[in-house]
Amino acid sequence: MANHVYAISEVVGSSPDSIEDAVGNAVAKASTTVRNLEWFELQSVRGQLADGAVAHWQVTVKLGFRLED
Numbered sequence: 001m002a003n004h005v006y007a008i009s010e011v012v013g014s015s016p017d018s019i020e021d022a023v024g025n026a027v028a029k030a031s032t033t034v035r036n037l038e039w040f041e042l043q044s045v046r047g048q049l050a051d052g053a054v055a056h057w058q059v060t061v062k063l064g065f066r067l068e069d
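Here it is as structure tokens:
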């Protein structure tokens, strides 16, 4: 296995449905402009409340991508 060097980018994703969808939205959007994405780390979870219920999820995600040789 070769040695790799990674850079980290932080993005925020959101979804009205779930935390998983918010993470998926963040990763999907980032993957359209960043090559070699290899891992993510969930940093924080926030939500919007409406009428006493969760209305929207928002997550901060760190994305690791491998730098090209």
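Counting from 1, position 51 in the sequence shown corresponds to residue 51 in the numbering used here; the numbering is continuous, with no gaps.
Even for Gly, the Cβ is constructed at its ideal location relative to N, Cα and C.
Pairing Ala2 with Gly13 gives a Cβ-Cβ distance that is not under 8 Å. Counting every other CB atom within 10 Å of its CB across the protein chains shown gives Val23 a total of 16 or more, marking it as buried. Per DSSP, Val61 is one residue of the beta strand (DSSP E) stretching across Ala53 to Arg66. In the DSSP annotation of this structure, the continuous segment of the beta strand (DSSP E) that includes Ala50 starts and ends at Leu37 to Ala50.
The C-beta distance from Ala30 to Leu37 rounds to 7 Å, short enough to fall under 8 Å.
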